[in-house]
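S.K.:
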Amino acid sequence: MSWWKEAVFYHIYPRSFNDSNDDGVGDLAGIISKMDYLQWLGVDAIWLSPIFPSPMADFGYDVSDFQGIDPLFGDMKTFDKLLAEAHRRGIKVVLDQICHNVSSRHPWFLESKESRTNSKADWFIWHDPGEEGGPPNNWLSFFSGKKPESAWEWVPERGQYYLHLFSKDQCDLNLRNPDVQRALELVLRFWLEKGVDGFRLDSVSVYFKDPSLHDYPKRSVPYEPSSFSALSQYYVDINLERPENLLALERIRAITDEYKPERVTVGESASEKGILAYLDISGPGRLNLAFNFEFLNTVGLDARANYEVLRRTEELFDTRAWPCYVYGHHDGSRFLSRILGEDMTQRKPVAKLMAAFLLTLRGTPFIYYGEELGMVNTPVPFDRLVDPFGKAIWPAPGRDVARTPMQWNNSQYCGFSEVEPWLPVNTGDLETNVAHEQQDRFSVLSFYRSMLGVRKQRPELRYGGVRLYEPVGQAMEYERYTDSSRLTVVLNFADRPQPVDRFGTTAVVIGTHRKTGERIAGDLLLQPYEAIVLSPVATEV
Ligand code: NOJ
């Protein structure tokens with residue numbers, strides 16, 4: 013069994029995890045000093061959002077050198093140490109790889125913009141003005157705010173526009189150019205040879221663009237941006253999920269497959285169509301994993317909706333590809349805020365219920381840092397916003413609210429730093445932090461840790477099959493099984509008791525409301541937001 017199928021990943025946003033040098037921004041040494049925490053928690057792999065040199069126009073997703081470390085985060089020696097410290101503890105390290113664009117200050121772009129004849133002249137997507145002297149077509153930037161903004165930026169030196177599907181500081185690479193492909197291949201090999209365990213591939217949905225440069229066909233809905241997907245609601249985005257993406261992904265997979273021990277490739281795709289195309293499901297040699305973002309939209313206290321996501325995923329993936337579930341990430345609200353809105357009275361039971369759900373699913377789960385504490389969005393006032401997209405869509409919550417510092421303790425800056433951090437810390441809540449929760453065996457953190465422990469011990473949860481049952485009211489039930497054993501998971505997504513029947517005699521393996529070992533025979537009345545993992549017990553005579 014491949015390690016990445018059995019692993020639980022933990023997504024670290026390095027700017028916000030731990031600040032070792034008190035400059036207000038998290039760094040690699042900070043992560044190293046929390047490696048014991050990660051091991052104690054029981055995660056198997058970490059994915060680091062970009063740590064490469066960057067002008068930080070998109071907080072690291074605008075890379076100016078793919079083979080270095082931004083001084084804000086440390087240096088290559090510190091990265092090597094991080095890798096060694098993680099590996100020493102059996103934790104894998106996955107990096108973010110951005111193949112679709114580079115910073116406008118990357119040497120590749122600086123050279124390319126100089127003239128139409130230099131050696132990198134064709135490394136980006138350059139075009140002459142359109143008929144009216146403006147941008148070549150109506151393509152928009154995903155970072156468009158209340159007003160749609162063109163995805164083209166004028167460069168007087170070349171007398172041409174370049175394409176940027178994200179901010180104008182992120183210039184789209186021309187992946188059709190073999191020299192660009194070779195340059196990116198060298199980048200991948202550089203990190204693979206260092207021993208990183210794989211890549212999370214940023215924005216695979218937009219690697220290739222429509223070469224015809226046709227306008228986006230317009231849909232008949234009003235333009236109301238509040239997330240990246242707003243653009244696709246307004247336009248038919250002919251740059252999303254182009255078939256040419258597959259060639260690049262197959263090449264990336266072929267490269268990572270050359271390395272031993274096995275490396276992983278995780279695609280960030282925007283749609284079900286993308287996910288299905290990019291995985292082995294559609295042909296051999298594609299990506300190992302692609303985030304199933306379904307739960308970013310639908311996860312909630314709704315047994316039927318959650319059941320439908322699982323049913324559909326199981327039907328589509330079957331044994332041909334491995335699901336990969338995510339509740340939250342650095343591009344949107346924290347999942348508890350999304351589910352609960354302003355009313356946080358049920359935050360803890362809901363966090364535990366959702367932990368039990370995520371960690372009993374068939375597939376590889378990703379935990380976004382702080383989810384294990386029950387962290388919620390931190391309010392960020394307009395004058396503290398830093399994310400360009402967040403500023404553009406204000407007062408919609410944007411992305412900064414979910415990128416605020418990890419809450420280590422209840423000191424002034426939550427133990428993240430000794431100085432005011434780059435984003436506000438959530439100081440209103442003195443209990444949602446590692447120090448407090450480690451002392452409390454009923455905390456969200458303790459529950460996550462126990463769940464991770466159970467998942468590690470039980471093959472049924474790590475790689476077993478799944479048998480889903482139709483939800484009854486808000487109660488959901490499924491079995492996880494191997495050839496020789498099975499577990500039953502029951503979850504109550506309601507704030508009121510829910511009866512569940514059809515049980516033989518079972519023992520609680522782990523539960524939010526019951527003790528491990530407790531026996532349950534016959535019908536069961538689930539408490540509000542209760543989750544239980546049950547193991548069958550031979551009936552005593
Ligand atoms: C997807 C990343 O997750 C997001 O943070 C970034 O802004 C875009 N790609 C552009 O690189």
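Under my numbering, think of the first position of the sequence shown as 13, with each following residue one higher.
All C-beta atoms in this analysis are idealised placements derived from N, C-alpha and C, irrespective of residue type, glycine included.
All values derive from a computational prediction rather than experimental measurement.
1) Between which two residues does the alpha helix (DSSP H) holding Ala-333 run?
2) Could you pull the start and end residues of the alpha helix (DSSP H) that Gly-42 belongs to?
3) Distance check for Lys-285 and Arg-531, CA to CA, integer angstroms please.
4) Sorry if obvious, but does the Cβ on Ser-28 come closer than 8 Å to a heavy atom of the ligand MN?
5) Can Val-388 and Met-418 be called in contact, C-beta distance under 9 Å?
6) May I ask whether a heavy atom of the ligand NOJ can be found less than 8 Å away from the beta carbon of Phe-178?
7) Residue range of the alpha helix (DSSP H) that Ile-351 falls in?
8) If you check the beta carbons only, do Arg-374 and Gly-485 fall under 9 Å apart?
9) Under DSSP, the beta strand (DSSP E) around Ile-522 begins and ends at which residues?
10) Taking a contact to mean a Cβ-Cβ separation below 9 Å, would you say Pro-237 touches Leu-243 in this structure?
11) Looking at Gln-182 and the ligand NOJ, is the gap between the Cβ and the nearest heavy atom below 8 Å?
12) Ser-61 and Pro-67 - do their beta-carbons sit closer together than 9 Å?
13) Under 8 Å: does the beta carbon of Ser-115 sit that close to some heavy atom of the ligand NOJ?
14) Which word fits Phe-85, buried or exposed, when buried means at least 16 other C-beta atoms lie within 10 angstroms of its C-beta?
15) Can you give me the C-alpha to C-alpha distance between Leu-577 and Gln-172, rounded to a whole angstrom?
16) For His-99, count neighbouring C-beta atoms within 10 Å of its own C-beta (all shown protein chains included) and say buried if the count is 16 or more, exposed if not.
17) Where Pro-548 and Thr-528 are concerned, what is the direct C-alpha to C-alpha distance, given to the nearest angstrom?
18) From Arg-415 to Tyr-25, what distance separates their C-alpha atoms?
19) Could you check the C-alpha separation between Asn-422 and Leu-457 for me, to the nearest Å?
20) Tell me which same chain residues have a C-beta within less than 7 Å of the C-beta of Leu-291, skipping the five on either side of it?
21) Quick one: what's got a C-beta closer than 8 Å to Arg-201's C-beta in the same chain, skipping five residues either side?
22) Using DSSP with H/G/I as helix, E/B as strand and the rest coil, what is Pro-436?
23) Between the C-alpha atoms of Cys-111 and Leu-371, what's the straight-line distance to the nearest angstrom?
24) With a threshold of 6 Å on Cβ separation, who are the neighbours of Lys-221 within its own chain once the five nearest residues in sequence on each side are excluded?
25) Rounding to the nearest angstrom, what Cα-Cα distance links Arg-27 and Phe-428 in this structure?
26) Given that a residue counts as buried once 16 or more other Cβ atoms are within 10 Å of its Cβ, and exposed if not, what is Gly-344?
27) Buried or exposed: Arg-212, going by 16 or more other Cβ atoms within 10 Å of its Cβ?
28) With a threshold of 8 Å (Cβ to nearest heavy atom), would His-342 be considered close to the ligand NOJ?
29) Rounded to whole angstroms, what's the CA-CA distance from Asp-140 to Gly-146? Just pull it up for me.
30) Are the CB atoms of Gly-157 and Phe-401 nearer to each other than 9 Å?
31) What do you get for Met-13, buried or exposed, if any count of 16 or more other CB atoms within 10 angstroms of its CB means buried?
M.R.: In short:
1) By one-based count along the sequence shown, residue 333 stands at place 321. Note, Ala-333: premise wrong, no alpha helix (DSSP H); not H, not E.
2) One-based indexing of the sequence shown puts residue 42 at position 30. Gly-42 -> alpha helix (DSSP H) spans 40-45.
3) Stepping through the sequence shown from its first residue, residue 531 is reached at position 519. Stepping through the sequence shown from its first residue, residue 285 is reached at position 273. Whole-angstrom Cα-Cα distance: 44 Å.
4) The ligand MN is absent from the structure shown, which contains only the ligand NOJ.
5) Stepping through the sequence shown from its first residue, residue 388 is reached at position 376. Stepping through the sequence shown from its first residue, residue 418 is reached at position 406. Note that the C-beta distance between Val-388 and Met-418 is not below 9 Å.
6) One-based indexing of the sequence shown puts residue 178 at position 166. Checking the Cβ of Phe-178 against the ligand NOJ gives yes.
7) Sequence index remark: in the sequence shown, residue 351 carries index 339 (1-based). Counting along the chain, the alpha helix (DSSP H) containing Ile-351 begins and ends at 347-352.
8) Walking along the sequence shown from the start, residue 374 turns up at place 362. Walking along the sequence shown from the start, residue 485 turns up at place 473. Not a contact, by the Cβ cut-off of 9 Å.
9) Within the sequence shown, numbered from 1, the residue matching residue 522 stands at position 510. Run containing Ile-522: 517-523, per the beta strand (DSSP E) assignment.
10) Your numbering for residue 237 matches position 225 in the sequence shown. Your numbering for residue 243 matches position 231 in the sequence shown. Cβ atoms of Pro-237 and Leu-243: closer than 9 Å.
11) The residue labelled residue 182 in the question sits at position 170 within the sequence shown. Checking every heavy atom of the ligand NOJ against the Cβ of Gln-182, one is found closer than 8 Å.
12) Residue mapping note: residue 67 aligns to position 55 of the sequence shown, counting from 1. Residue mapping note: residue 61 aligns to position 49 of the sequence shown, counting from 1. Contact: no.
13) What you label residue 115 is simply residue 103 of the sequence shown in a count that begins at 1. It does not: the Cβ of Ser-115 is nowhere closer than 8 Å to a heavy atom of the ligand NOJ.
14) Within the sequence shown, the letter at position 73 stands for residue 85. It is buried - the Cβ of Phe-85 has at least 16 other Cβ atoms within 10 Å.
15) An answer regarding residue 577 cannot be provided, because it is not within the stretch 13 to 553 covered by the chain.
16) The count along the sequence shown starts at 1 and reaches residue 99 at position 87. It counts as exposed.
17) Position 536 of the sequence shown, counted from the first residue, corresponds to residue 548. Position 516 of the sequence shown, counted from the first residue, corresponds to residue 528. Taking the straight line from one Cα to the other gives about 13 Å.
18) The residue given as residue 415 occupies position 403 in the sequence shown. The residue given as residue 25 occupies position 13 in the sequence shown. Their backbone Cα atoms lie some 7 Å apart in a straight line.
19) Working through the sequence shown from its first residue, we reach residue 422 at position 410. Working through the sequence shown from its first residue, we reach residue 457 at position 445. Cα to Cα, Asn-422 sits roughly 15 Å from Leu-457.
20) Here residue 291 corresponds to residue number 279 of the sequence shown, with the count starting at 1. Arg-298, Leu-299, Ala-302, Ala-333, listed in sequence order.
21) As a working note, residue 201 is residue 189 in the sequence shown. Within the same chain, Arg-201 has close Cβ partners Ile-267.
22) Here residue 436 is taken as the residue at index 424 of the sequence shown, counted from 1. Looking at Pro-436 - three-state DSSP - the assignment turns out to be coil, as it is neither helix nor strand.
23) Sequence index remark: in the sequence shown, residue 111 carries index 99 (1-based). Sequence index remark: in the sequence shown, residue 371 carries index 359 (1-based). Rounded to the nearest whole angstrom, the CA to CA distance from Cys-111 to Leu-371 is 31 Å.
24) Within the sequence shown, numbered from 1, the residue matching residue 221 stands at position 209. Excluding sequence neighbours, Lys-221 sits near Asn-251.
25) Mapped onto the sequence shown, residue 27 falls at position 15. Mapped onto the sequence shown, residue 428 falls at position 416. Rounded to the nearest angstrom, the two C-alpha atoms are 10 Å apart.
26) Residue mapping note: residue 344 aligns to position 332 of the sequence shown, counting from 1. When all chains shown are included, Gly-344 counts as buried.
27) Here the question's residue 212 lines up with position 200 in the sequence shown. Arg-212 comes out buried.
28) Numbered from its first residue, the sequence shown carries residue 342 at position 330. Yes, Cβ of His-342 sits closer than 8 Å to a heavy atom of the ligand NOJ.
29) Along the sequence shown, read from residue 1 onward, the residue named residue 140 stands at position 128. Along the sequence shown, read from residue 1 onward, the residue named residue 146 stands at position 134. Whole-angstrom Cα-Cα distance: 9 Å.
30) Numbered from 1 along the sequence shown, position 145 holds the residue referred to as residue 157. Numbered from 1 along the sequence shown, position 389 holds the residue referred to as residue 401. Against a cut-off of 9 Å, the Cβ pair of Phe-401 and Gly-157 comes out as a contact.
31) For the purposes of this step, residue 13 is identified with residue 1 of the sequence shown, where counting begins at 1. It is exposed - the Cβ of Met-13 has fewer than 16 other Cβ atoms within 10 Å.
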